[in-house]
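Peer 1: Right, I'll just put the structure down here and ask away after.
Number of protein chains: 2
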Amino acid sequence: MPRIGMEPQRRDALVRATISEIAVSGAADITVARIARRAGMSPALAHHYFGSKDNMLLAAMRHVLFVFAAEVRGALVMADTPRERLTAIVRACFAPSNFRDEVVAAWLNFYVQAQREGQTRRLLHIYHARLRSNLMYALRPLSDDPERLAEGIGAMIDGLYVRQALRRDNLTSAASTDLVLDYIEKALTR
Amino acid sequence: MPRIGMEPQRRDALVRATISEIAVSGAADITVARIARRAGMSPALAHHYFGSKDNMLLAAMRHVLFVFAAEVRGALVMADTPRERLTAIVRACFAPSNFRDEVVAAWLNFYVQAQREGQTRRLLHIYHARLRSNLMYALRPLSDDPERLAEGIGAMIDGLYVRQALRRDNLTSAASTDLVLDYIEKALTR
DNA sequence: TTCTTAATTGAGCCGTCAATCAATAACAAC
DNA sequence: GTTGTTATTGATTGACGGCTCAATTAAGAA
């Protein structure tokens, strides 16, 4: 019994279901049928709204990136000094909404997909550039080689994500945050 | 025209081809047919020697891990002091045989596969444990929180691998090495 | 009421891919 | 030269997954 105005709900449910499904099945074994079932609809309807499986994956990625960006932006408004800005960025990276198991697993799979899929690659480059730019802005007054340090921080964050995706005995998000903040602290005091 | 004693060559060729194919096609789009074609034989022969596609992927991973372990071991024999040991390990991680684009791409895909495939996961845990143990042994005389620092170093290395897999403008292996060594240096001088 | 439009799905087409099998060819051993 | 073993492949099978389509239902517009 079709009610009207379902498109937003359906799209939203599919995006959520895609992320969950990536986490439990892995990107390799994902199927439109499974995503649709989890979202409570037929595969045909999923295709109706998204056109293709690739579009579903891209929409899921955009959602993850959007939430991430919002978290960072939100954390930055309350930060005044460069040091506070750094802390805010790192905290945002490991905030619960971003560092949830589901989302972390999704990230890992986006990285893989970016190796061959142009659009995914482009989105990931935008994320990289934005994080780098945020870090640089905060680091410039504090470090004599901000570029280098930003690269190191970014790499460590990425690495902690990857490791989180594989762990059974989870490192808490707080421990990850502290590890990166320690690194920054040590790297700044010369 | 079949010659005898082909098994070792065929297995080797298939392992190499699997790694190359992961790099160019991505783990999602990999097929036995493509691997076999690249290795210069029919898909049926690939199945004859390995039994299944999963076995091929596992064999490729074991090969990568074996080369990695050999590189680390080789670098460590010439190291006497703890500091030299640290440098040797990091150098080995980014040595050409391990940090080649092909191999880096393979690593990323192993991580993804480890999310759901038990054997892959186990192999990856062994690698993690070994790297961690090597680092700890060198760090214990130098740091008052070697555990923490080993985790940080491991994460940064993993992160640099992931980033390498996506880059067009490649960071040289030397730059990656320096970044990690810098981190260690800063983290040790308290 | 009638028409249009959105929502929704079951059935099915088409392609692909892992895995199997039967058949062939070369070699070795006796 | 007969027998057995290894190497090798083309053809085939069986399953599965992305995607399409025609058909159905209901809501709103005219």
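Chains as they are written, first to last, in full-length UniProt numbering: chain A, 1 to 190; chain B, 1 to 190. Ideal Cβ positions, reconstructed from N, Cα and C, are used throughout, including at glycine.
1) Would you please state the rounded distance, in angstroms, between the beta carbons of I89/A and A75/A? I believe it to be under 8 Å.
2) Quick one: what does DSSP say P141/A is sitting in, helix, strand or coil?
3) What ranges does the alpha helix (DSSP H) occupy inside the UniProt domain "HTH tetR-type" (8 to 68) of chain A, keeping only unbroken runs of at least 4 residues that lie completely in it?
4) Give the secondary structure of M78/A by DSSP, where H, G and I count as helix, E and B as strand, and everything else as coil.
5) Use the C-beta contact count for Q164/A: other C-beta atoms within 10 angstroms, 16 or more gives buried, fewer gives exposed.
6) Out of R62/B, A129/B, C93/B, P146/B, state which residue places its alpha-carbon closest to the alpha-carbon of D178/B.
7) Which residues, taken in chain order from the segment 102 to 116 of chain B, show a beta carbon closer than 7 Å to some beta carbon of chain A?
8) Using the C-alpha atoms, what's the distance from E151/B back to P141/B?
9) Taking a Cβ distance cut-off of 7 Å, strictly less, list which residues of the segment 46 to 64 of chain A are near chain B, in chain order.
10) Please report the distance separating the alpha-carbon of Q115/A from that of L108/B.
11) According to DSSP, simplified to helix, strand and coil, what is A113/A?
12) Which residues in the same chain as E21/A place their Cβ atom closer than 7 Å to its Cβ, once the five residues preceding and following it in sequence are excluded?
13) Assign G51/A to buried or exposed, taking buried as 16 or more other Cβ atoms, counted over all protein chains shown, within 10 Å of its Cβ.
14) State the CB to CB distance for the pair E71/A and A95/A, rounded to an integer number of angstroms; the pair is presumed to be in contact (CB under 8 Å).
15) Assign R101/B to buried or exposed, taking buried as 16 or more other Cβ atoms, counted over all protein chains shown, within 10 Å of its Cβ.
16) Between which two residues does the alpha helix (DSSP H) harbouring A187/A extend?
Peer 2: Taking the definition as stated:
1) 7 Å
2) coil
3) 32 to 38, 43 to 50
4) coil
5) buried
6) C93/B
7) A105, L108, N109, Y111, V112, A114, Q115, R116
8) 16 Å
9) none
10) 10 Å
11) It is Gln, not Ala, that sits at residue 113/A in the sequence shown. Three-state result, Q113/A: helix.
12) I30, R34, I35, R38
13) exposed
14) 5 Å
15) The sequence given here has Asp at residue 101/B, not Arg. With fewer than 16 Cβ atoms within 10 Å of its Cβ, D101/B is classed as exposed.
16) 173 to 188
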